[in-house]
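Trainee: Below is a structure I'd like to ask you about.
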Amino acid sequence: MLSQWTYAAGQAARVAFFAGHHIAARRLGAPQKDSQGPAFKITKPRPSGRDFLSGMIDLFERDWSNIQAGLYASPPMASDPLDLLKRARAFMADVPSVDERRREHRHSDVLTEDRRQRYPRY
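Structure follows, in structure tokens:
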């Protein structure tokens with residue numbers, strides 16, 4: 002059975018792993034300037050780092066309560082480190098082409114005919 006501490010450590014590692022990918026991808030990609038202007042206007046201030054962290058802790062506590070209540074299973078905690086590195090490399094290798102599609106508004110390039118039959122156009 003998963004302990005709360007094991008769950009918390011695993012979730013913290015997961016957040017750090019994906020946050021690192023986000024930061025690296027933002028640095029690898031071109032600046033996010035759009036000739037059409039912003040798609041939306043931010044109307045509220047960003048939360049402080051303390052408020053953001055507090056919100057994440059609240060989220061993890063609710064998630065843990067839901068897991069304990071049997072609403073859903075806990076996320077898998079063990080991953081093969083070599084597989085994680087392989088996936089991280091594949092993600093980073095894909096950043097330039099994803100960034101190019103974003104800048105050129107080619108949002109449907111990945112929607113092949115086969116995928117079109119199975120998935121909606123987002």
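Heads up: the sequence shown begins at 2 in our numbering, then just goes up one per residue. Ideal Cβ placement from N, Cα and C applies to all residues, glycine included.
(1) Comparing C-alpha positions only, which one of 77, 27, 21 sits nearest to residue 3?
(2) Grab the span of the alpha helix (DSSP H) containing residue 109 for me, first residue to last.
(3) Taking only runs of the alpha helix (DSSP H) that begin and end inside the stretch 29-104, which ones reach a length of at least 4 residues, in chain order?
(4) Grab me the residues of residue 11's own chain with a C-beta within less than 6 Å of its C-beta, minus the 5 sequence neighbours each way, in chain order.
(5) Does residue 122 come out as helix, strand or coil in the three-state DSSP assignment?
(6) Is the stretch 83-94 in contact with the stretch 18-32, if contact means three or more CB pairs nearer than 8 Å?
(7) Could you check the C-alpha separation between residue 109 and residue 118 for me, to the nearest Å?
(8) Have a look at 46, 122, 57, 52 and flag the residue whose alpha-carbon is nearest the alpha-carbon of residue 17.
(9) From residue 100 to residue 113, what distance separates their C-alpha atoms?
Mentor: Walking through what the data contain:
(1) By one-based count along the sequence shown, residue 3 stands at place 2. Checked all of 77, 27, 21; the closest Cα to residue 3 is 77.
(2) For this step, residue 109 is matched to residue 108 along the sequence shown. No alpha helix (DSSP H) holds residue 109; DSSP gives it neither H nor E.
(3) 50-69, 82-104
(4) Here the question's residue 11 lines up with position 10 in the sequence shown. Result list for residue 11: 78, in chain order.
(5) Position 121 of the sequence shown, counted from the start, is the residue given in the question as residue 122. In the structure shown, residue 122 sits in coil (DSSP, three-state: anything other than H, G, I, E or B).
(6) yes
(7) As a position in the sequence shown, residue 109 is number 108, starting the count at 1. As a position in the sequence shown, residue 118 is number 117, starting the count at 1. Between residue 109 and residue 118, the C-alpha separation is close to 14 Å.
(8) Here the question's residue 17 lines up with position 16 in the sequence shown. Minimum Cα distance to residue 17 is reached at 57.
(9) One-based indexing of the sequence shown puts residue 100 at position 99. One-based indexing of the sequence shown puts residue 113 at position 112. Whole-angstrom Cα-Cα distance: 19 Å.
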